[in-house]
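To start, the structure under review is shown below, and the notes come after it.
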Amino acid sequence: MKFTRAWALALVLLFCVPAAAQETSVDEIVSSGTAALKSKNWIKAEASFREALSRDPKNRDAWVGLGKAQVGRKNWDAAIETYTKGREALPDWHRSLYQLGYIYRKKAEYDRAIEFYGKYIEVAPDDPDGYFGLGQSHRKNGEDAKALGAFRSYIEREKRPSEQKWVARAKEIVASLEGTAGDEPEEEVAAAQDEAPIVDGDLGSLVERADIAYQENNLPLASRLYRGAAQLDEDGIEAHYKLGVVLALRGDLSGAVRAWEVVVERDPGMEQAATNLSRARRKLASQRDKGVDDAALHGTLEEQLDLAARYLAEARPVMALRVLDPLADEHPEDSRVRLLRGRALASAGRYDEARTDLELSLAGRPGDADVLHALGRLYLRTGDGDRAHYFLERFLARVDPAHRNRDLDPTREIVKKLEAQQ
1360 MKFTRAWALA LVLLFCVPAA AQETSVDEIV SSGTAALKSK NWIKAEASFR EALSRDPKNR
1420 DAWVGLGKAQ VGRKNWDAAI ETYTKGREAL PDWHRSLYQL GYIYRKKAEY DRAIEFYGKY
1480 IEVAPDDPDG YFGLGQSHRK NGEDAKALGA FRSYIEREKR PSEQKWVARA KEIVASLEGT
1540 AGDEPEEEVA AAQDEAPIVD GDLGSLVERA DIAYQENNLP LASRLYRGAA QLDEDGIEAH
1600 YKLGVVLALR GDLSGAVRAW EVVVERDPGM EQAATNLSRA RRKLASQRDK GVDDAALHGT
1660 LEEQLDLAAR YLAEARPVMA LRVLDPLADE HPEDSRVRLL RGRALASAGR YDEARTDLEL
1720 SLAGRPGDAD VLHALGRLYL RTGDGDRAHY FLERFLARVD PAHRNRDLDP TREIVKKLEA
1780 QQ
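By the count of my numbering, the sequence shown reaches residue 1781 at its end, each step adding exactly one.
Now the structure itself:
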């Protein structure tokens, strides 16, 4: 074959391509990963960001993207490793502390979440995000007083218009927490109870004006407007629910209870109202009781267990724990004590301690239906779908293998959903 000039030119083009054209740049790889993130192609995004980091270990965008991809996949342990190593590579990457707090909260490891949210707040005290996460973690950990402080700090700092829905949510949480009452002077609580409703308008306009007053933190005006709206609202729940939130924020727990009772009566599926109502009732009960003075406290073990069970049925886990904590010391291997204490701890949001007690109870009573059910509900609360499915399925097989009890249909539906997720 004749070696022509054209062939020579082709060889030159083949072997003399510039290096930049042969190898994709780090920025292009990061851009590819970012595009994969937007389309929720987590695996492709993770691969791209890992490749970018292999060539540029201090590329901040690659570290951020890799963490997001792993969080998107809910690969919590890998994400923890990424944010930890990323901060070692980039000591000024403070947001990694926030992300670690978020991940540990998702894993229901609330002590670790509190630790990292606290570290983030130390380096970014003006960022409201850290306070919201800290409040949620304290709340899940059963530390209501600390949760209140964090949520109030969040409300004070959050000024972004796009985040006002979270401000409203934080205010609702503050209203539902037990420590709300007692913060306001007695005369202000009395004034909140005696305020005359404002009724100069229709239902919609009153709620709208009340919402504006609430956003402006003018709670006395908001409560009067919501009261007026509630008087006109014969079938709905919005005005009553919001009135309850405002009254609780002002320290009028009795008024809040009355408002939320209307909501729950009209819409039993309104979970947040039911939760708020339970907390408000519990707070009122603790204000009245100031301690356990029931004669059964000095009775037999069975009488004390019955007392604790009664407190649990009344949604008063703090009172139940006052009975059960000494019993756990006196009868550490009694499975009944461990079961009731585990349930009380779970109701109080102290999930790690609850899991320990329930597992001890299960060790003493293998296959016990009540323990299986309690563990299933606990893991359902903490977001561990696999374990929730395992224990709830075992519970159903134990108590109703023939599927005859229709009262257990809601539990069966939960098991089916969890199985589909698996």
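Each residue gets a CB set at the ideal place from its N, CA and C atoms; glycine is no exception.
Thinking residue i and residue j are a contact (beta carbons under 8 Å), I'd like their distance in whole angstroms, please.
i, j, result
"Ile1462", "Val1430", "7 Å"
"Ala1703", "Ala1679", "4 Å"
"Ala1667", "Val1682", "4 Å"
"Arg1412", "Ala1406", "Strictly speaking, residue 1412 in this sequence is Leu, with Arg absent from that position. That pair is no contact at about 11 Å."
"Ala1607", "Ala1615", "4 Å"
"Ala1692", "Gly1723", "Note that residue 1692 corresponds to Glu in the displayed sequence, not to Ala. Rounded, the Cβ-Cβ distance is 7 Å, consistent with contact."
"Arg1709", "Asn1577", "Their Cβ separation, rounded to whole angstroms, is 36 Å, which puts Arg1709 and Asn1577 out of contact at 8 Å."
"Tyr1600", "Ala1632", "6 Å"
"Pro1531", "Val1604", "Inspection of the sequence shows that residue 1531 is occupied by Glu rather than by Pro. Going by Cβ atoms, the distance from Glu1531 to Val1604 rounds to 5 Å, so yes, they are a contact pair."
"Glu1728", "Arg1757", "Here the sequence assigns Ala to residue 1728, which means Glu is not the residue at that position. Confirmed, Cβ separation roughly 5 Å."
"Val1482", "Leu1507", "Rounded, the Cβ-Cβ distance is 23 Å, inconsistent with contact."
"Val1389", "Arg1414", "10 Å between Cβ atoms; not a contact."
"Ala1428", "Trp1401", "5 Å"
"Ser1455", "Tyr1469", "Not confirmed; about 19 Å, so no contact."
Which stretch, first to last residue, makes up the alpha helix (DSSP H) that contains residue i?
i, result
"Met1629", "Segment: none, Met1629 is in no alpha helix (DSSP H) and carries neither H nor E."
"His1732", "Ala1728 to Arg1740"
"Lys1417", "No alpha helix (DSSP H) contains Lys1417, which DSSP labels as neither H nor E."
"Ile1480", "Tyr1469 to Val1482"
"Ser1521", "Counting along the chain, Ser1521 falls outside any alpha helix (DSSP H), and DSSP gives it neither H nor E."
"Leu1664", "Leu1660 to Ala1672"
"Arg1675", "First-last for Arg1675: undefined, no H or E at that position."
"Trp1435", "Trp1435 to Ala1448"
"Ala1707", "First-last for Ala1707: undefined, no H or E at that position."
"Gly1460", "Arg1454 to Lys1465"
"Gln1780", "Asp1768 to Gln1780"
"Glu1597", "Glu1597 to Leu1608"
Of the residues the options, which one's Cα is nearest the Cα of residue i?
i, options, result
"Gly1494", "Val1482, Gly1477, Asp1485 and Ala1632", "Gly1477"
"Leu1686", "Gly1742, Gln1663 and Gln1780", "Gln1663"
"Leu1660", "Asn1635, Ala1674 and Asp1688", "Asp1688"
"Gly1426", "Ala1506, Arg1414 and Tyr1457", "Tyr1457"
"Arg1736", "Leu1755, Asp1420 and Phe1510", "Leu1755"
"Arg1609", "Ser1413, Arg1583 and Leu1671", "Arg1583"
"Gly1744", "Lys1466, Val1482, Thr1443 and Glu1440", "Lys1466"
"Arg1695", "Arg1464, Glu1712, Leu1721 and Glu1593", "Leu1721"
"Asp1485", "Lys1499, His1453, Arg1471 and Tyr1469", "His1453"
"Gly1742", "Glu1410, Trp1435 and Lys1397", "Trp1435"
"Ala1555", "Ala1581, Glu1531 and Leu1536", "Ala1581"
"Ala1779", "Asp1768, His1748, Asp1766 and Leu1602", "His1748"
"Ala1589", "Glu1447, Leu1396, Ala1506 and Gly1560", "Gly1560"
"Glu1440", "Val1621, Arg1409 and Asn1635", "Arg1409"
"Arg1746", "Pro1769, Pro1520, Glu1718 and Asp1386", "Glu1718"
"Lys1518", "Gln1574, Asp1470 and Lys1417", "Gln1574"
"Leu1612", "Pro1450, Ile1596, Lys1433 and Leu1636", "Leu1636"
"Leu1777", "Arg1740, Leu1698 and Pro1760", "Arg1740"
"Arg1638", "Tyr1469, Ala1438, Val1730 and Glu1673", "Glu1673"
"Ala1509", "Ala1394, Glu1522, Lys1524 and Gly1492", "Gly1492"
"Glu1593", "Ala1618, Gly1460 and Ala1569", "Ala1618"
"His1732", "Leu1767, Trp1525, Tyr1670 and Arg1669", "Leu1767"
"Asp1570", "Arg1675, Val1526 and Glu1752", "Val1526"
Once DSSP output is grouped into helix, strand and coil, what is the label at residue i?
i, result
"Glu1692", "coil"
"Arg1533", "Note that residue 1533 corresponds to Val in the displayed sequence, not to Arg. Helix."
"Ser1398", "coil"
"Ala1380", "Confidence at Ala1380 is low in this model, with a pLDDT of 40, below 50, so its placement is unreliable and the value that follows should be read with caution. Three-state DSSP puts Ala1380 in a helix."
"Trp1619", "helix"
"Val1558", "coil"
"Ala1761", "coil"
"Asn1576", "coil"
"Glu1515", "helix"
"Glu1546", "Low local confidence applies: a pLDDT of 39 at Glu1546 is under 50, so the model's placement there is unreliable, and no value is given."
"Asn1500", "coil"
"Ala1540", "In this predicted model, Ala1540 has a pLDDT of only 35, less than 50, meaning its place in the structure is not dependable enough to derive any value."
"Asp1743", "coil"
"Asp1570", "helix"
"Glu1405", "helix"
"Arg1724", "coil"
"Arg1647", "At Arg1647 the pLDDT is 49, less than 50, meaning the model places this residue with poor confidence; the figure from the coordinates comes in the next sentence. Correct three-state label for Arg1647: helix."
"Glu1718", "helix"
"Asp1486", "coil"
"Glu1410", "helix"
"Glu1752", "helix"
"Glu1787", "With the chain covering 1360 to 1781 only, the question about residue 1787 has no answer from this structure."
"Arg1681", "helix"
"Arg1697", "helix"
"Arg1432", "coil"
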